[in-house]
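Chemist: Residue numbers (my numbering): 20 to 79.
From the three backbone atoms N, C-alpha and C, an ideal C-beta is built for every residue, glycine too.
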């Protein structure tokens, strides 16, 4: 599960940065949101991405 979380978070940051450079700088909010979520996950020991991924059919 941890590996899937890192892949998902990294992909969101990468796509947010690519979209910000290619289209509109407002897309920088996506990596900012992911970064804040990772900080919160580290402090609270809960992870929203992991909770979401745990409900996916391939993790049943």
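For residue 20, collect the residues of the same chain with a Cβ closer than 6 Å to its Cβ; drop the 5 residues on either side in sequence, then sort them by chain order.
Modeler: Within the chain shown, the letter at position 1 stands for residue 20. Contacts found: 69.
Chemist: Hey, could you find the ends of the alpha helix (DSSP H) residue 70 is sitting in?
Modeler: Numbered from its first residue, the chain shown carries residue 70 at position 51. Residues 67-73.
Chemist: Spell out whether any CB of chain B is found under 8 Å from the CB atom of residue 76.
Modeler: Protein chains in the displayed structure number just one, and chain B is not present.
Chemist: May I ask you to report which of helix, strand or coil DSSP gives residue 64?
Modeler: Position 45 of the chain shown, counted from the start, is the residue given in the question as residue 64. Correct three-state label for residue 64: coil.
Chemist: In three-state terms, what does DSSP make of residue 78?
Modeler: Your numbering for residue 78 matches position 59 in the chain shown. Residue state, collapsed to three classes: helix.
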